[in-house]
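For reference, the structure is listed below as structure tokens.
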């Protein structure tokens with residue numbers, strides 16, 4: 001499901017969603033810095049697999 005809205009503030013990102021069936025809305029948020037090591041490790045893995 002694609003977000004219907006996105007908001008960034010500093011190191012935080014929030015996405016808004018809406019159910020296409022019932023119209024219920026909700027939001028998720030996270031601190032991007034909390035995921036930086038995961039993304040670095042994934043890029044290293046992807047680059048080594050491509051080599």
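In the working numbering, the protein residues as written are 1 to 51. Every residue, glycine too, gets a C-beta built ideally from N, C-alpha and C.
- Approximately 5 Å separates the beta-carbon atoms of residue 4 and residue 16; this is inside 8 Å, confirming the contact.
- When beta bridges are read from the DSSP output, residue 16 appears opposite 5, 27.
- Distance from residue 27 to residue 14 at the Cβ level is roughly 6 Å; contact confirmed, criterion being Cβ atoms closer than 8 Å.
- The alpha-carbon separation between residue 30 and residue 37 amounts to approximately 14 Å.
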